[in-house]
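Q: Each residue of the sequence shown is one higher than the one before, starting from 2 at the first, in the working numbering.
The beta carbon of each residue, even a glycine, is placed where N, CA and C say it ideally should be.
These numbers were taken from a predicted model, which means no experiment stands behind them.
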Amino acid sequence: MTEIPAQPGKFSATLVLEDEVRLGGVLSTLLDGRLQLEAVVILDDLEGDEPVTITTGSSAVLSIVGDIPNAPERANVTISGLSGDSVTLSFDLSDQMLALGYRAAIAAGPSEVELVEQAQTEEEEDEQAEESASLSDSLANLDLRQRGPEPVSAEYAELLERLEFDALDQLERALFPFMADLSAHLQGLSSRLQQHPSGRNRHFEAASALRRKGDTVVARLVKQVQSYFQDLTPRISDDQLRQFDKSQAGAENLDLVGTHEFEDYLAIDRMVTAGQEQHRLGLEALTVRTAELIGADPNKLRLPIHVRQLSRAFQQALRPEDLAPNVQTHIFDYFADRFIRQLDGYYEPLNEMLAEGGVRPRVEAEIRMQGSLLEQGEDIKRPHRPPRLRAIKSEQEAAGDGEIEVARPLGRPSQPHEDPAKRAQMHQHLGEQIAAAVGHTDPQRLYQSVIEALNFRRQAQGLAGAGGMALPADTPVSGTWDGATVPSTEVDQGRLADAQSIARALSALQHSSQAREDVQEIDSLREYLAAHREQIADLQDTSGLTAESLNQLDLV
Numbered sequence: 002m003t004e005i006p007a008q009p010g011k012f013s014a015t016l017v018l019e020d021e022v023r024l025g026g027v028l029s030t031l032l033d034g035r036l037q038l039e040a041v042v043i044l045d046d047l048e049g050d051e052p053v054t055i056t057t058g059s060s061a062v063l064s065i066v067g068d069i070p071n072a073p074e075r076a077n078v079t080i081s082g083l084s085g086d087s088v089t090l091s092f093d094l095s096d097q098m099l100a101l102g103y104r105a106a107i108a109a110g111p112s113e114v115e116l117v118e119q120a121q122t123e124e125e126e127d128e129q130a131e132e133s134a135s136l137s138d139s140l141a142n143l144d145l146r147q148r149g150p151e152p153v154s155a156e157y158a159e160l161l162e163r164l165e166f167d168a169l170d171q172l173e174r175a176l177f178p179f180m181a182d183l184s185a186h187l188q189g190l191s192s193r194l195q196q197h198p199s200g201r202n203r204h205f206e207a208a209s210a211l212r213r214k215g216d217t218v219v220a221r222l223v224k225q226v227q228s229y230f231q232d233l234t235p236r237i238s239d240d241q242l243r244q245f246d247k248s249q250a251g252a253e254n255l256d257l258v259g260t261h262e263f264e265d266y267l268a269i270d271r272m273v274t275a276g277q278e279q280h281r282l283g284l285e286a287l288t289v290r291t292a293e294l295i296g297a298d299p300n301k302l303r304l305p306i307h308v309r310q311l312s313r314a315f316q317q318a319l320r321p322e323d324l325a326p327n328v329q330t331h332i333f334d335y336f337a338d339r340f341i342r343q344l345d346g347y348y349e350p351l352n353e354m355l356a357e358g359g360v361r362p363r364v365e366a367e368i369r370m371q372g373s374l375l376e377q378g379e380d381i382k383r384p385h386r387p388p389r390l391r392a393i394k395s396e397q398e399a400a401g402d403g404e405i406e407v408a409r410p411l412g413r414p415s416q417p418h419e420d421p422a423k424r425a426q427m428h429q430h431l432g433e434q435i436a437a438a439v440g441h442t443d444p445q446r447l448y449q450s451v452i453e454a455l456n457f458r459r460q461a462q463g464l465a466g467a468g469g470m471a472l473p474a475d476t477p478v479s480g481t482w483d484g485a486t487v488p489s490t491e492v493d494q495g496r497l498a499d500a501q502s503i504a505r506a507l508s509a510l511q512h513s514s515q516a517r518e519d520v521q522e523i524d525s526l527r528e529y530l531a532a533h534r535e536q537i538a539d540l541q542d543t544s545g546l547t548a549e550s551l552n553q554l555d556l557v
């Protein structure tokens, strides 16, 4: 649907993209209140033939060209649409007064003197453009990339715009009182919890910070969700809130898992898992209806206001405040209990609005009758927590064995008489328990479970002793650089790399771009350190690793 400017007034304007490339064009208003920059050209001399890429959802800085009385100040805008050589611009909800200023200035139009000055400016710009490249050449270097499909009809386009407006408006209205309640909650915790050894009351500091900057946090969150609406079918999924696997890592870091970062992941994962289950019907109905608006596969649609996206936006909105990790865990739990749990009243009106507009009005009934209409991704299909150990014990008792072996920490391997098949079965069940525990247990217990699983893996693979023979109980053990677990008597204990040495070595590697790139090409961080330990100061001339170091490296 062609967008017709609403007002005859126009101004020359510049748009500075995120990569600081400057674009020029003629600014006008649209019927829906957004702005449009027409006849877009590149104002900068660019090196090489690489085109300038413009994508919807990206941010830019807008300013009017010329000495115009009462001209509005520079504005941060979002690129919300692309058509031909025109760019459609939207303001954040928090900048509506500035948006009104721009629309008023354009509606008033420039005076005759201003028109002459503007014409002279445009003539000078045309001369400069002719010296570097023709207008067609400039446009050829513009890659106007529309991310995501368009609505299938004008009616659906209006419904999609209304969905975005209502969703963001109601979200903002709900977040303001929540942030006030959150500050009060942290204030209460500050007087009940044991304080930091340094004497600083981190919960009180967080309560004070959020009381002062709660509106800013809300604005960040809403802006993030608004950006999701600009790309409903992203080519690269960002649904995983915290990606800890190597495939998601860039060369700029080693993708290491910090303890506090892992705790944050667990808290958010619990929140997302519980929210998805509680609001399953409303979320699926809204996903199917939104996909219907743009003619997309609902399995490939990223619903901007899904529990997962709201949680991710909340996490990112808090990040600039640099709150203490233990405080963030309490914040995420409170967000899950007092915000995510209340989303029924948020999703239901949005579904009703789309149903009344004729978009799959009976989809809830279809889901109830047929079950889920969506393919369940692996990241949301988590097993329930069955009584695994009790079931195994019952099987053993029925076979005449009344004892059951449980996982031991590294340093206490299994007895030599243990059946390897039984040990492998226990290993499998332990892994299932760990997967089930992600949403239900505390980080310390989960961390210990992972460590115990690593021990079981070594035993199952025959790495617990020389020749694959299990070691006697209570035998002190250490690790070798090839990943084996051996009796401590077989390695020089005075030259073992402890956890502190490993941490210092990894910290040093963070500053080497070549090391970061090399690490991304291998499957084992331990193997990389082993191969390069003579070039790493903290690992030179080491005979092996302490048991703790080997566990931590395998966990990474």
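By how many angstroms is the C-alpha of glutamate 39 removed from the C-alpha of aspartate 86?
A: The alpha-carbon atoms of aspartate 86 and glutamate 39 are separated by roughly 6 Å.
Q: How far does the beta strand (DSSP E) with alanine 61 in it reach, from first residue to last?
A: First-last of the beta strand (DSSP E) with alanine 61: 60–65.
Q: Quick one: is serine 373 buried, meaning 16 or more other Cβ sit within 10 Å of its Cβ, or exposed?
A: Classification for serine 373: exposed.
Q: Return the chain-ordered list of same chain residues with a C-beta closer than 6 Å to the C-beta of leucine 344, the five sequence neighbours on each side being excluded.
A: Same-chain partners within the cutoff: His280.
Q: Exposed or buried, glutamate 19, counting other C-beta atoms within 10 Å across all chains shown (16 or more means buried)?
A: Glutamate 19 should be labelled exposed.
Q: Label arginine 224 either buried or exposed according to how many other C-beta atoms from any shown protein chain fall within 10 Å of its C-beta, with 16 as the threshold for buried.
A: Note on identity: in this sequence residue 224 is lysine, with arginine being the wrong assignment. Buried: at least 16 other Cβ atoms inside 10 Å.
Q: Could you spell out where the alpha helix (DSSP H) holding arginine 290 opens and where it closes?
A: Per DSSP, arginine 290 belongs to the alpha helix (DSSP H) from 281–295.
Q: Could you spell out where the alpha helix (DSSP H) holding alanine 158 opens and where it closes?
A: Taken as a continuous stretch (DSSP letters only), the alpha helix (DSSP H) holding alanine 158 covers 155–191.
Q: Does DSSP classify phenylalanine 92 as helix, strand or coil?
A: It is a strand residue.
Q: Taking all protein chains shown into account, do 16 or more other C-beta atoms lie within 10 angstroms of the C-beta of asparagine 300, making it buried, or fewer, making it exposed?
A: So asparagine 300 ends up on the exposed side.
Q: According to DSSP, what are the bridge partners of glutamine 37?
A: Answer is Ser29 and Thr89, bridged to glutamine 37.
Q: On a CA-only basis, which of Arg342, Glu353 and Asp323 is nearest alanine 286? Give me that one, please.
A: Of Arg342, Glu353 and Asp323, the residue nearest in Cα terms is Glu353.
Q: Would valine 53 and valine 22 qualify as a contact pair, given that the criterion is a beta-carbon distance under 7 Å?
A: Contact: yes.
Q: Phenylalanine 179: which of Arg75, Asp96, Leu90 and Ile332 sits nearest, CA to CA?
A: The residue with the shortest Cα to Cα distance from phenylalanine 179 is Ile332.
Q: Output the distance between the C-alpha atoms of glutamate 165 and arginine 203, rounded to the nearest integer angstrom.
A: Taking the straight line joining both Cα atoms gives about 37 Å.
Q: Could you tell me the distance, in whole angstroms, from the CA atom of glutamine 188 to the CA atom of phenylalanine 205?
A: Cα-Cα distance, rounded: 5 Å.
Q: Report yes if the C-beta distance between valine 364 and valine 308 is below 7 Å; otherwise report no.
A: Going by C-beta atoms, valine 364 is not nearer than 7 Å to valine 308.
Q: Using only the alpha-carbon positions, how far apart do isoleucine 306 and arginine 174 sit?
A: Taking the straight line joining both Cα atoms gives about 14 Å.
Q: Is DSSP giving leucine 18 helix, strand or coil here?
A: The answer is strand: DSSP assigns leucine 18 an E or B state.
Q: Keeping to the same chain, check which residues put their C-beta closer than 8 Å to that of alanine 531; ignore five residues upstream and five downstream.
A: For alanine 531, where only same-chain residues beyond five positions count, the Cβ hits under 8 Å are Trp482 and Asp483.
Q: Can you say whether alanine 366 is buried or exposed, counting buried as having 16 or more other CB atoms within 10 angstroms of its CB?
A: It is exposed - the Cβ of alanine 366 has fewer than 16 other Cβ atoms within 10 Å.
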